[in-house]
Amino acid sequence: MALSFFTKNKKALLARCRDDHATKMRLKYAPFYHAIESQQGTTVRLDGREMIMLSSNDYLGLSFHPKIVEAGRAAMLKWGSSTNGARISNGSRTFHLELEEKLAAFLGREACHVHAAGYLSCMSAVAAFAQKGDVIFADKNIHSCLWDGIRLSMATVERFSHNSPDDLREVLAANNPDATKMLVLEGVYSMEGHIARLPEIAEIAEEHGCFTVLDDAHGFGVLGRQGRGTVDSFGLNDKVDVICGSMSKSLASIGGFVAASREVIEYLRTHSKQTTFSAALSPAQAAASMAALDIMQTEPEHLEKLWANTKKYRTMLKQLGLDTWESETPAVPIVLGSKERVYPFWRALMDKGVFTVMSIAPAVPAGKDLIRTAISAMHTDEQLEKIAEAMAYAVKKL
Ligand SMILES: Cc1ncc(COP(=O)(O)O)c(C=O)c1O
């Protein structure tokens, strides 16, 4: 009896995997998981063809910078390939402390903690601090890692309309004023390219005593002085309690960070499961991040080129009549509204040698199905011209 019960349940799970509609569709149309055969900056090779990468988050175009590549190589020679353990036990190294001090100083914070993935950092920036009985006020369009952090925290969640201070005010007013409150938002929204309306939102959060967590994965390196991010660009450093982010975008590495006051970071080091039970950032990735941070402060040309390219690209898309969801940053969506329109557009771009990524509901709100594109400082004028030709071709396919 017990055996047949076990067998039945095991089969049910196997059947779920085998019969899953979304997986079948993914395998049939193969829009994701393309294995790139080689890469040199914004040029990649896929299925033997050279293509222009137009969806990488390498905003500053630093992932092939000789100083960064050399820093990673030297770190691996000195420290080996892995930390082989969590920071709390055997995985902590002096280079972690050095990187954390540099990031904290750059962000105008007392302290910082780095993780092996941005996902871990941003998830723990919520889950470590909020708990059952608290109320989290979250922008409807935040990244999946923040939703996971919210779920793990067991706090009650209240969503407010995307980037809407008015709706946030209403939602806060309708809630228990005595509850312990957290506000969760992004500095730059990864799909939309919108910049948070931080001056209004931070003021409301302060009025209501919210502890504010801001994920700046896409604002870091892109906005603010030398790329210090969204909070710096508004001069609101004292209004945001925690800035978290990723090192896999402008920092041209892998990993993530949480920056805040010393006591907040020490609390995270005690209570965050993602921090205490996951292996520490690798030597090469930490060294790459550190070198990139240095380059951001000594070579302003990358940030300048990023914005020059972004302006050219947005003008080009506007001339073609494409809807960019009013993106204000180098993360530029092309909203097409349905998967039936997104697929042929994406296919046409691929045929013309431009690599982009589709994002369809429920990954984006219904009716906002889009192609996610992102500009890099590495894109050349010649590549932008080729992209313009490919876009014009794809528009005709709609
Ligand atoms: C807004 C945001 N936060 C966090 C992350 C997670 O960062 P990582 O990919 O470095 O784990 C991402 C990655 O796409 C992101 O877009």
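Counting in our numbering, the sequence shown runs from -11 upward without gaps. A virtual CB, placed ideally from N, CA and C, is assigned to each residue, including glycine.
- Taken from the Cβ of Cys100, every heavy atom of ligand 1 lies 7 Å or farther away.
- The beta-carbon separation of Leu171 and Cys198, rounded to 4 Å, stays under the 8 Å limit for a contact.
- Counting along the chain, Gln307 sits inside the alpha helix (DSSP H) bounded by residues Glu289 to Gln307.
- Collapsing the DSSP output to three states places Ala93 in a helix.
- With contacts defined as CB atoms closer than 8 Å, Ile130 and Ala143 fail to qualify as a contacting pair.
- For Asp46, the distance from the CB to the nearest heavy atom of ligand 1 is not below 7 Å.
- Restricting attention to alpha helix (DSSP H) runs no shorter than 4 residues, the region 72 to 120 encloses them at 82 to 94 and 106 to 115, ordered along the chain.
- Apart from the 5 residues on each side of it in sequence, Ala276 sits with its Cβ closer than 7 Å to the Cβ of Ile56, Ala59, Gly60, Ala240 and Ser241 in its chain, given in chain order.
- Separation of Tyr301 and Gly96 (C-alpha to C-alpha, rounded to the nearest whole angstrom) is 32 Å.
- Lys12: not part of any beta strand (DSSP E); member of the alpha helix (DSSP H) spanning His9 to Tyr17, first to last residue.
- DSSP places Lys169 inside the beta strand (DSSP E), whose first and last residues are Lys169 to Glu174.
- For Glu174, the shortest C-beta to heavy atom distance toward ligand 1 is below 7 Å.
- Under the criterion of beta carbons closer than 8 Å, Ser141 and Thr263 do not qualify as touching, at roughly 14 Å.
- In this structure, Asp203 has its CB closer than 7 Å to one or more heavy atoms of ligand 1.
- The beta carbon of Phe52 sits closer than 6 Å to the beta carbons of Gly29 from its chain, once the five residues preceding and following it are set aside; these are given in chain order.
- The region 187 to 205 and the region 329 to 342 do not touch, with fewer than 3 CB-CB distances between them shorter than 8 Å.
- For Pro321, the three-state secondary structure derived from DSSP is strand.
- At least 8 Å separates the beta-carbon of Gly207 from that of His103.
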